[in-house]
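Working notes, beginning with the structure itself.
Number of protein chains: 2
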Amino acid sequence: MSSRTGAPVGFDLHDHSICVADAVATAEARCAAEGLRLTPVRRKVLEVLLQEHRAMGAYAILDILRRAGFGSQPPVAYRALDFLAEHGFVHKIERLNAFVACTHPGEEHSPAFMICRLCDAVAEAHSAPSKGALGAAARAAGFQIERTVVEAEGLCPACLDKDRP
Amino acid sequence: MSSRTGAPVGFDLHDHSICVADAVATAEARCAAEGLRLTPVRRKVLEVLLQEHRAMGAYAILDILRRAGFGSQPPVAYRALDFLAEHGFVHKIERLNAFVACTHPGEEHSPAFMICRLCDAVAEAHSAPSKGALGAAARAAGFQIERTVVEAEGLCPACLDKDRP
DNA sequence: ACAGCCTATGTGATTTTATAACATTTCAGG
DNA sequence: CCTGAAATGTTATAAAATCACATAGGCTGT
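Structure representation (structure tokens):
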């Protein structure tokens, strides 16, 4: 019930069971196509992040893995997260030392995030690293951009309302 | 020997002793003007970051503080860094969990960084959060941006040369 | 001057986040 | 089946950040 393609998702309600299933299916398809292995742990981590639909720390994820019968030591979670992040299924939010499921799976993209400082909700948008001020500065300096971290912290619509009633 | 105003600084050589002295003087002036206290620890941390002119972790800074006769426990460094960051004298590089001295002291600005993945050099540029894709997405979503983290990872000019000789 | 208060510092302990190192298992390809 | 690479499990440790509480330093009003 939310995402028209291209619009930011994340600050509005929608039917999780559908988007989870969709996203897992998409991930499975891409892994099959590219010869990647979406193993049980990896799949579980992806499902958890899709289900929760918010940024989660590695240790919160690890708790869930433990209860689900997987290994209970940090590397279990970090390795799954590394795999998923490397292939674009999840993103790390540097500001929070936490992870979110990608809401634009499959597409090549440089993600940008909006993070609510009150409720920790996270919405993903797209950034265009090479355009704009940063791209210009990089070209001027002779710096070759490989990856960008773009995160905006502030208030989501819901918390804005609460803040000034 | 480097910064023409507005141009990115950081990937070229220049006379540190001058920029350190300048920047400390600027910080002192601003603190005096705004009733802030640039105490010995805070001043030392700022000097260290200006001197090194690269991103440093809190514990590396703490080592230096300890040797200089200041307290040796983490909060000493973190508190000084919090103060300096809050007032814009230094910035945190979220990607590295590290800190750099601001190269545009005094000016209101949303910093953007270019981080070399080989030599860890960091250059500061300016970003324009409200313009561009992110600003548009935020307006569309009703998200109010308060602060932005913009960090590009890649290769600095020097390491680009080394990479393909 | 000095009492009172606020800010800053010092210190010990702990929490949170992340990685190293190594043994064991799984699985695709020959 | 065998084999080697990739993935997992586990122990241990490193790195980053915060909590809690005691002490010291500096303003302010009297």
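Which chain is which? The protein sequence lines are A and B, in order. According to numbering that gives the first Met the number 0, the residues represented by the first sequence are 0 to 164, in order. According to numbering that gives the first Met the number 0, the residues represented by the second sequence are 0 to 164, in order. We put the beta carbon where it would ideally sit given N, CA and C, even for glycine.
DSSP places B:His86 in the coil class of the three-state scheme, outside both helix and strand.
In the three-state scheme derived from DSSP, where H, G and I count as helix and E and B as strand, B:His108 is classed as coil.
Within the model, the alpha-carbon separation for A:Leu159 versus A:Asn96 is close to 24 Å. DSSP, read as helix, strand or coil, puts B:Thr38 in coil.
Residue pairing for A:Lys91: DSSP places it in a beta bridge opposite A:Phe98. For A:Gly131, there is no enclosing beta strand (DSSP E); the residue is part of the alpha helix (DSSP H) that begins and ends at Gly131 to Ala140. With a contact defined as Cβ atoms closer than 8 Å, B:Pro73 and B:Leu64 miss out at about 10 Å.
The secondary-structure analysis by DSSP pairs B:Leu48 with nothing; it has no beta-bridge partner. With contacts defined by Cβ atoms closer than 8 Å, A:Ala59 and B:Pro128 do not form a contacting pair. Under the 8 Å criterion on CB atoms, B:Thr102 is classed as non-interfacial with respect to chain A. Selection A:Gly134, A:Cys101 and A:Ala124 evaluated against B:Gly134 yields A:Ala124 as nearest (Cα-Cα).
For B:Ala76, same chain residues with a beta-carbon under 8 Å away, outside a window of 5 residues either side, are Val44, Ala57, Tyr58, Ile60, Leu61 and Leu64 in chain order.
The closest CA to that of A:Ser109, considering only A:Leu35, A:Arg42 and A:Val148, is found on A:Val148.
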